[in-house]
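The opening position of the sequence shown corresponds to residue 0 in numbering that gives the first Met the number 0, with each subsequent residue numbered one higher. Single-structure report; data block below.
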Amino acid sequence: MSRSVVDLHLLGPVAATRDGAGVPLGPPKQRAVLAALAMEPGRLIPTADLVDAVWGDRPPAAARKAVQVYVSQLRRALPTAGLRGCPPGYVLDLDPERVDVHRFRRLVGAAEQTGGEEARELLRQALGLWRGSVPLAGLGEDAPLARALAPVLVEERLSAVQRRLALDLDAGHHREVVGELVALTTAHPIRESLVGLLMRALAAAGRPAEAVAAYRRLDRRLRRELGAGPGEELRQLHHALRGGGVAGRPAGGPAAPAPEVERIDDREVVAGRLWALVRDAREVLTVHRKPPSPGELARYLRRLRRGDARWRTVVHRSVLSRAAQLAYSLRLHRAGDRHRVTDRPVRQMVILDRRIAVVPAAAGAEAGALVIRNPGVAATLADLFEHTWAAAVDLEPAALGLLR
């Protein structure tokens, strides 16, 4: 008797199929347990982490027992999925290729290692795994797992769509992608990279005036909402269009791809590049190893509130010794930003969507920084951030006594 093949689907409503047929997975919280295990197949997930994934920081008294029941029901529904107990938690021994998230990421990674038609085909396959635009759907209102991971997955999808559109343009399919780019820039009006693609497509389609109009709309919006105009690359594209540039490209041909590791020694250039990257980010992880001055912290916090990204920040515990810093941080913390304090941050750094990292060029450097676009390195640094975050203390409880 052949072993049935189980596939798990997280890029849309959480679901499972066995030999292509749908399998009932039970109530939303039971599906949340399966999704949490499927995000890391082959890895032991402690029961406490599963409780967090299902209930967050307010679990019921019987949460651990409920997880045990959910796992038992899932094993009955998916007997060949390799779900087993392994104290102090559970393991899903399933080939990652049977989980659409991991298949999607493998295909996108393969596309990054190639180009042209091969990369376009890989990205088409990856994006074809999505069943709608909302991942981890159906886990219940405000499910902690979906709240934490869905924005990251949505960003990964958008990045893949953007890469595929860029390759479409390079292949000369500019007219075919204009409509899709108009829809995307409407949904993400301050994402400069998408507006740049739309400008290229319009110019190549013989509509340069509309390309210039798209730039001007973005410029007005950025200045109104963020107090700064578009970045240098988009300004060059706009200048080329106004000067009659061919196919929406700046004079001199296609721009060279950004290097995987870029060193910048000028502090102001570092700051400008960082905030330009942050404008397009959905999740930003930051560590401040040294206690910032009151003015620096105020500027940093004021700046981060202008964007749409979800921020998590670890600062040095000495911030608690300065009432002005502390009061300002707490106001923003209560408004939705997540801050913690620790005695020993792992490393000063900023990580954007777990794909781009900005770190000092040398230990203790006051000015220079490295911009790292290697996904593996950025992911490793994100793991370091999570280690620091886990060892840090919530800002508000630690500070309440100091503000009375």
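Cβ atoms here follow ideal geometry from the backbone N, Cα and C, with glycine treated the same way.
Given residue i as reference, the closest of the options once Cα atoms are compared
i	options	result
residue 60	47, 72, 71	47
residue 434	22, 30, 338, 105	With the chain represented from 0 up to 403, any question about residue 434 goes unanswered, as that position is not in the structure.
residue 97	41, 232, 178	41
residue 260	375, 180, 14	375
residue 389	358, 379, 344	344
residue 73	156, 102, 264, 34	34
residue 170	159, 117, 191, 136	117
residue 45	87, 313, 277, 238	87
residue 264	224, 228, 216, 360	360
residue 106	132, 62, 155, 137	155
residue 391	380, 158, 316	316
residue 110	210, 227, 159, 145	159
Rounded C-alpha distance that separates residue i from residue j
i	j	result
residue 204	residue 286	45 Å
residue 37	residue 240	47 Å
residue 269	residue 387	24 Å
residue 54	residue 27	11 Å
residue 183	residue 193	7 Å
residue 429	residue 8	Residue 429 lies beyond the residue range present for the chain, which begins at 0 and ends at 403; the question has no answer from this structure.
residue 103	residue 191	25 Å
residue 19	residue 207	48 Å
residue 284	residue 346	12 Å
residue 122	residue 175	17 Å
residue 276	residue 71	45 Å
residue 342	residue 312	14 Å
residue 185	residue 129	21 Å
residue 173	residue 114	18 Å
residue 163	residue 383	31 Å
residue 181	residue 83	47 Å
residue 31	residue 221	38 Å
residue 64	residue 57	15 Å
residue 373	residue 11	28 Å
residue 132	residue 157	10 Å
residue 309	residue 350	12 Å
residue 50	residue 217	43 Å
residue 231	residue 368	19 Å
residue 236	residue 262	24 Å
residue 68	residue 17	22 Å
Environment of residue i [buried if 16+ CB atoms lie within 10 Å]
i	result
residue 4	exposed
residue 112	exposed
residue 13	buried
residue 353	buried
residue 52	buried
residue 279	buried
residue 238	exposed
residue 245	For residue 245, the predicted structure reports a pLDDT of 42, less than 50, and the residue's modelled location is therefore unreliable. The matter cannot be settled from this model.
residue 2	exposed
residue 92	exposed
residue 254	The pLDDT assigned to residue 254 is 45, lower than 50, so where the model puts this residue is not dependable; a value taken from the coordinates is nonetheless given after this. It is exposed - the Cβ of residue 254 has fewer than 16 other Cβ atoms within 10 Å.
residue 357	buried
Whole-Å CB distance - residue i paired with residue j, under 8 Å assumed
i	j	result
residue 126	residue 161	Not confirmed; about 11 Å, so no contact.
residue 355	residue 370	7 Å
residue 200	residue 177	5 Å
residue 150	residue 281	5 Å
residue 119	residue 152	Contact doesn't hold; Cβ gap of about 21 Å is too wide.
residue 43	residue 90	5 Å
- Cβ contact (3+ pairs, closer than 8 Å) linking the region 66-78 and the region 128-146: Output reads no: the region 128-146 does not touch the region 66-78.
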